[in-house]
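If you read the sequences in order, they're chains Z and G. Just so you know, the first sequence maps onto residues 1444 to 1892 in my numbering. Just so you know, the second sequence maps onto residues 445 to 676 in my numbering. Where a beta carbon is used, it is the ideal one built from N, C-alpha and C, also for glycine. In this text the structure is predicted, and so the values were computed from the model without any measurement.
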Amino acid sequence: MLEFFRFSAVRVALAFVLVTTVATTAVFGLVYLEIREANEARNRLILEAEAAKSADRSADELRTAFEVRLTHDLRRIDYAALFDSNHKVMFGNIDMLPAIEIDGKSHYVTATRVPDSDNSREPAIFVARARPDGTIMVLGRSLLESLAFRRIAQGALAAGLAPMLLLALGIGVFFARRASRRLTAIHDTIARIVKGDTQRRLPVSSQHDTIDKISRDVNLMLDEIVRLLVQIKGVGDNIAHDLRSPLAVVHARLERGLESPNDEQLRASVKQALIHIDKAMLTVTALLRLADVEYGPRSSNFQSIDLSAICTELFEFYEPLATSKLIKMTLETQSPVQIIGDGDLMREAVSNLIGNAIKFTPENGTVSISVTREDDLPVVRVRDTGIGIEPAERDKIFQRFYRTASGHRVPGSGLGLSIAAAIANLHEFDLRFGGNDPGAVFEMVGRRR
Amino acid sequence: LTDKPATRPQTIVLVEDETDLATEIKAELETRGHLVRTASVAEAADAARVGDAAMMIMDRIVFGQDSLVTLEALRKEGIKVPVLVISALASVDEKVKGLTAGGDDYLTKPFAMVELVARVDALLRRLDDVRTTKLRVGDLEMDLIEKTVYRGDTRIDLLPREFRLMEYFLRHPGRVITRAMLLEEVWQYHFSLETNVVDVHISNLRKKIDTKGPPSLILNIRGAGFMLNANA
Chain Z
1444 MLEFFRFSAV RVALAFVLVT TVATTAVFGL VYLEIREANE ARNRLILEAE AAKSADRSAD
1504 ELRTAFEVRL THDLRRIDYA ALFDSNHKVM FGNIDMLPAI EIDGKSHYVT ATRVPDSDNS
1564 REPAIFVARA RPDGTIMVLG RSLLESLAFR RIAQGALAAG LAPMLLLALG IGVFFARRAS
1624 RRLTAIHDTI ARIVKGDTQR RLPVSSQHDT IDKISRDVNL MLDEIVRLLV QIKGVGDNIA
1684 HDLRSPLAVV HARLERGLES PNDEQLRASV KQALIHIDKA MLTVTALLRL ADVEYGPRSS
1744 NFQSIDLSAI CTELFEFYEP LATSKLIKMT LETQSPVQII GDGDLMREAV SNLIGNAIKF
1804 TPENGTVSIS VTREDDLPVV RVRDTGIGIE PAERDKIFQR FYRTASGHRV PGSGLGLSIA
1864 AAIANLHEFD LRFGGNDPGA VFEMVGRRR
Chain G
445 LTDKPATRPQ TIVLVEDETD LATEIKAELE TRGHLVRTAS VAEAADAARV GDAAMMIMDR
505 IVFGQDSLVT LEALRKEGIK VPVLVISALA SVDEKVKGLT AGGDDYLTKP FAMVELVARV
565 DALLRRLDDV RTTKLRVGDL EMDLIEKTVY RGDTRIDLLP REFRLMEYFL RHPGRVITRA
625 MLLEEVWQYH FSLETNVVDV HISNLRKKID TKGPPSLILN IRGAGFMLNA NA
């Protein structure tokens, strides 16, 4: 039950009930006070007028009038008496002169003994007026009626408030229950996810409220975490695979070398073993590099760099290699294409793309590099006429270690594109792939901000 | 510029807390005729202060301590002993940190022994006078001010990058130079390349400078890199 009151919905409901009560009571109170005020003012006026009217009458006339009033006109005058100059009652239904000023104005008296009763008292208003003969006339009116009116008002308030409070509470409880059900569902789901059921997602209703919005965000976060988990697992598998096979080969070669009868064969085995170890080291270096780009803090080296200059420099660096493979290489740059970034990293990314293009392009092919601004976005494009990439494999090429079936004959760590993609991402660029028929196009395009 | 071999310290001081790797490095350098002493960071610093070290090889992190702090302190004291920093921290930022702290070269683990040896040799033989205006090997002469190269009487026209490549070889005659060293020093590329671009550049350079036919001025060293034939 205590748990129940922790839900914000219940708290809101209770606050709502409280506010409603206060507001309703205030309205009732105001109406009541206004009516009572008007009523009392009217009574005062009547009393004062009566007193003024009767001031000139003789004592006998008054006596008769009082009797008539007190017996037949109870609604307007409840008290009437005439006192002599010594404040002793001459006739009327009041024993004692009330303790008020004798000025013909009405005054409030808290407790007045009710005539013809033993000891009951009531609030009343009185008017005392001195007459020319020295006697004092007192008229009064009971306020019991006002008390009764107050009681009625209170009763009505209670009668009106009770069902409203119940309704508000009911609605509060309903929403709290529902919220609690949703929160419990979320809680249970999270518990399952924590236990390893990573495919589960938080329930999202059709209400588009805050809980839904947060649930959706959490689900997106979970998707990303799961993607990373799968990737890490994949990387782990690939490391194991990529390192285990060269190690196994090294092991076998060395063993064979040891068993061989002559030194020449031993040397040959050792040499081959070294080549495989170098390959493994290349992979480790590339993996460290990738982890560094992807998970390391953003380089402190970000500054204004010119992609045109970087590509021109890389073009000059790679052109002799292309020429030696009888590949034609072209470069198309506009005026400087400035971006904010790390020149070393960008050079590495573009270098990977160009190196790949040359690697996979046969003799008499072409590798063209262009640096442009398209729709005001910087674009570096590397186009080749090489073996291209099968449509089925296009999604996979950015995965770590992925080498196309045909690419397996070409040496490499298989991490070049992953590193390029990670560097592009760090610079808020997208690395995209397209077919060139024949061949491939890789382009790095700045993201629109 | 006077070379005083008699008073020059010969010992390479090695600071490396991975015992296996330290043993391998020591053995490798000793087979190449170097004297090697393993030391703690503090011992190495002392050796440097008394001028007892020809150069130092320093692991970046030794027993959890960043040895760059000590290196920086040494440099502030004005001690100029060449230092090769070796580290598993591979990012360019880390390299820059290592070099600004006073390292003369930075090598990332894992590395091949030939790479380490080549860099040690380069540091030991670093030309003390960088203001030299002419470099020479055999009958090849490079004028650093005129930016000209002559082989005998024949002028050889080199592209700017080829000129820098040639200059680097001329500054390290008779030393093994790895591809990674050339990438870093000539092109300022601090990433590893899987292609043999450097070989193509070397072969283009050879075509220009080997006007007298084989043997080439620049030799291929199998499994390591290249070497300028100092006896040519």
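Next on the checklist: I need the boundaries of the beta strand (DSSP E) containing Tyr1551/Z, first residue and last residue.
Outcome noted: For the purposes of this step, residue 1551/Z is taken as residue 108 along the first sequence, with counting starting at 1. Run containing Tyr1551/Z: Ser1549 to Arg1556, per the beta strand (DSSP E) assignment.
Checklist entry - Mind checking Glu460/G: buried by the 16 CB within 10 Å criterion, or exposed? => result Here residue 460/G refers to the residue found at position 16 when the second sequence is read from its first residue. Counting the other CB atoms within 10 Å of its CB gives Glu460/G a total of 16 or more, which places it among the buried residues.
Checklist entry - Do Val1814/Z and Leu1750/Z have their C-beta atoms within less than 7 Å of each other? => result Translated into positions along the first sequence, residue 1814/Z becomes position 371. Translated into positions along the first sequence, residue 1750/Z becomes position 307. The Cβ atoms of Val1814/Z and Leu1750/Z lie closer than 7 Å to each other.
Checklist entry - What in chain G is Cβ-close to Phe1760/Z, meaning under 9 Å? => result Taking the first residue of the first sequence as position 1, residue 1760/Z is located at position 317. Arg605, Trp631, Tyr633, Val641 and His645, listed in chain order.
Checklist entry - If you count every other CB in all the chains shown that lies within 10 Å of the CB of Pro1704/Z, and 16 or more means buried, which is it? => result Taking the first residue of the first sequence as position 1, residue 1704/Z is located at position 261. Burial call: exposed.
Item to check | Residues from the stretch 1806-1833 of chain Z in contact with chain G, defined by Cβ distance under 8 Å | outcome: So the list is empty, because no residue satisfies the distance condition.
Checklist entry - Can you give, in chain order, each stretch of the beta strand (DSSP E) that sits fully within the stretch 562-637 of chain G and has at least 3 residues? => result Within the stretch 562-637 of chain G, the complete beta strand (DSSP E) runs of at least 3 residues are 578-581, 584-587, 592-595, 598-600 and 620-622.
Next on the checklist: Give me the chain Z residues within the contact set of Ala556/G, using Cβ-Cβ distance strictly less than 8 Å, ordered along the chain.
Outcome noted: As a working note, residue 556/G is residue 112 in the second sequence. For Ala556/G, the chain Z residues whose Cβ falls inside 8 Å of its Cβ are Asp1721 and Met1724, in order along the chain.
Item to check | Interface positions of the stretch 1692-1716 of chain Z facing chain G (Cβ-Cβ less than 9 Å), listed along the chain | outcome: Against chain G - using a Cβ distance shorter than 9 Å - the residues of the stretch 1692-1716 of chain Z are Lys1714.
Checklist entry - Are the CB atoms of Ser1501/Z and Gly1577/Z nearer to each other than 7 Å? => result Mapped onto the first sequence, residue 1501/Z falls at position 58. Mapped onto the first sequence, residue 1577/Z falls at position 134. Not a contact, by the Cβ cut-off of 7 Å.
Checklist entry - Are the C-beta atoms of Asn648/G and some chain Z residue less than 7 Å apart? => result Along the second sequence, one-based indexing puts residue 648/G at 204. Interface residue, yes.
Checklist entry - Does any C-beta atom of chain Z lie closer than 7 Å to the C-beta of Ser636/G? => result Residue 636/G sits at position 192 when you count from the first residue of the second sequence. With a threshold of 7 Å between beta carbons, Ser636/G makes contact with chain Z.
Next on the checklist: When you compare the CB positions of Arg619/G and Ala545/G, do they come within less than 7 Å of one another, or not?
Outcome noted: In the second sequence, counting from the first residue as 1, residue 619/G sits at position 175. In the second sequence, counting from the first residue as 1, residue 545/G sits at position 101. The Cβ atoms of Arg619/G and Ala545/G lie no closer than 7 Å to each other.
Checklist entry - Any idea what DSSP makes of Leu1877/Z, helix, strand or coil? => result Along the first sequence, one-based indexing puts residue 1877/Z at 434. According to the sequence as given, residue 1877/Z is Gly; it is not Leu. Three-state DSSP puts Gly1877/Z in a strand.
Checklist entry - Considering Asp503/G, what are the terminal residues of the alpha helix (DSSP H) in which it resides? => result Numbered from 1 along the second sequence, position 59 holds the residue referred to as residue 503/G. Here Asp503/G belongs to no alpha helix (DSSP H); instead the beta strand (DSSP E) covers Met499 to Asp503.
Checklist entry - Measuring CB to CB, does Gly1700/Z end up less than 7 Å from Leu1690/Z? => result Within the first sequence, the letter at position 257 stands for residue 1700/Z. Within the first sequence, the letter at position 247 stands for residue 1690/Z. Leu1690/Z sits away from Gly1700/Z, with the two beta carbons spaced by 7 Å or more.
Next on the checklist: Only counting the same chain, and skipping five residues up and downstream in sequence, which positions put a Cβ closer than 8 Å to that of Ile1633/Z?
Outcome noted: On the first sequence, residue 1633/Z is found 190 positions in, with the first residue counted as 1. Closer than 8 Å at Cβ, skipping near neighbours: Leu1645.
Next on the checklist: Give me the chain G residues within the contact set of Arg1890/Z, using Cβ-Cβ distance strictly less than 9 Å, ordered along the chain.
Outcome noted: Stepping through the first sequence from its first residue, residue 1890/Z is reached at position 447. Those do not exist, as Arg1890/Z stays about 23 Å from chain G at its closest Cβ, beyond 9 Å.
Checklist entry - What is the rounded straight-line gap between the Cα of Leu1604/Z and the Cα of Val1455/Z? => result The residue you call residue 1604/Z lines up with position 161 of the first sequence. The residue you call residue 1455/Z lines up with position 12 of the first sequence. Here the C-alpha atom of Leu1604/Z lies approximately 18 Å from the C-alpha atom of Val1455/Z.
Item to check | Between the CA atoms of Arg569/G and Gly596/G - distance to the nearest angstrom | outcome: Mapped onto the second sequence, residue 596/G falls at position 152. Mapped onto the second sequence, residue 569/G falls at position 125. Taking the straight line from one Cα to the other gives about 26 Å.
Next on the checklist: Let me confirm a value: Leu1591/Z is counted as buried when at least 16 other C-beta atoms fall within 10 Å, else exposed. Which label applies?
Outcome noted: Residue numbering aside, residue 1591/Z sits at position 148 when the first sequence is read from its first letter. Checking the displayed sequence, the identity of residue 1591/Z turns out to be Ala instead of Leu. Of the residues assessed, Ala1591/Z falls on the exposed side of the cut-off, its CB having fewer than 16 other CB atoms within 10 angstroms.
Checklist entry - At a cut of 8 Å, does the stretch 1784-1796 of chain Z reach the stretch 654-667 of chain G through at least three beta carbon pairs? => result The stretch 1784-1796 of chain Z vs the stretch 654-667 of chain G: no contact.
Next on the checklist: Mapping the DSSP letters down to three states, classify Thr1828/Z as helix, strand or coil.
Outcome noted: Start at 1 with the first residue of the first sequence, and residue 1828/Z comes out as number 385. In this structure, Thr1828/Z counts as coil in the three-state DSSP scheme.
Checklist entry - What whole-angstrom Cβ distance do Ile646/G and Met610/G have, given they're in contact under 8 Å? => result One-based indexing of the second sequence puts residue 646/G at position 202. One-based indexing of the second sequence puts residue 610/G at position 166. The Cβ separation is near 10 Å, so there is no contact.
Checklist entry - Helix, strand or coil for Arg476/G per DSSP? => result Reading the second sequence from its first residue, position 32 is the one you call residue 476/G. Three-state result, Arg476/G: coil.
Next on the checklist: So, for Asp548/G: in the same chain, excluding its five sequence neighbours on each side, which residues have a beta-carbon less than 7 Å away from its beta-carbon?
Outcome noted: The sequence position of residue 548/G within the second sequence is 104, counting from 1. Excluding sequence neighbours, Asp548/G sits near Pro526, Val527, Leu528 and Leu567.
Next on the checklist: Does the contact criterion of 3 or more C-beta pairs under 8 Å hold for the stretch 1879-1888 of chain Z versus the stretch 469-484 of chain G?
Outcome noted: Output reads no: the stretch 469-484 of chain G does not touch the stretch 1879-1888 of chain Z.
Next on the checklist: Using only the alpha-carbon positions, how far apart do Tyr1845/Z and Gly508/G sit?
Outcome noted: For this step, residue 1845/Z is matched to residue 402 along the first sequence. For this step, residue 508/G is matched to residue 64 along the second sequence. Any answer about Tyr1845/Z is weak, because its pLDDT of 49 lies below 50 and its placement is not dependable; what the coordinates show is given next. Each residue's alpha carbon lies about 36 Å from the other.
Next on the checklist: What does the alpha-carbon distance come out to for the pair Asp643/G and Ile1797/Z?
Outcome noted: Here residue 643/G corresponds to residue number 199 of the second sequence, with the count starting at 1. Here residue 1797/Z corresponds to residue number 354 of the first sequence, with the count starting at 1. Rounded to the nearest whole angstrom, the C-alpha separation of Asp643/G and Ile1797/Z is 17 Å.
Item to check | Per-residue burial, Ala1602/Z [other beta carbons within 10 Å of its own, 16 or more giving buried] | outcome: For the purposes of this step, residue 1602/Z is taken as residue 159 along the first sequence, with counting starting at 1. With a threshold of 16 other beta carbon atoms within 10 Å, Ala1602/Z falls short and is exposed.
Checklist entry - Apart from the five residues on each side of it in sequence, which residues of its chain come closer than 7 Å, Cβ to Cβ, to Phe1872/Z? => result The residue given as residue 1872/Z occupies position 429 in the first sequence. Excluding residues within five positions, the ones whose Cβ falls inside 7 Å are Met1887, Val1888, Gly1889 and Arg1890.
Next on the checklist: If I follow the unbroken beta strand (DSSP E) through Ala1571/Z, where does it start and stop?
Outcome noted: Within the first sequence, residue 1571/Z is the residue found at index 128, counting from 1. Per DSSP, the continuous beta strand (DSSP E) segment holding Ala1571/Z begins and ends at Arg1564 to Ala1573.
Checklist entry - For Arg1790/Z, which residues in chain G fall below 7 Å Cβ to Cβ? => result For the purposes of this step, residue 1790/Z is taken as the residue at position 347 of the first sequence. Simply Tyr633.
Next on the checklist: For Thr552/G, report the span of its beta strand (DSSP E) as first-last.
Outcome noted: Here residue 552/G is taken as the residue at index 108 of the second sequence, counted from 1. If you look at Thr552/G, you'll find it in the beta strand (DSSP E) that goes Asp549 to Thr552.
Next on the checklist: How far does the alpha helix (DSSP H) with Arg1635/Z in it extend, from its first residue to its last?
Outcome noted: Numbered from 1 along the first sequence, position 192 holds the residue referred to as residue 1635/Z. That run of the alpha helix (DSSP H) goes Leu1587 to Val1637.
Checklist entry - Per DSSP, what kind of secondary structure is Gly1583/Z in: helix, strand or coil? => result Within the first sequence, numbered from 1, the residue matching residue 1583/Z stands at position 140. Of the three classes helix, strand and coil, the one that applies to Gly1583/Z here is strand, per DSSP.
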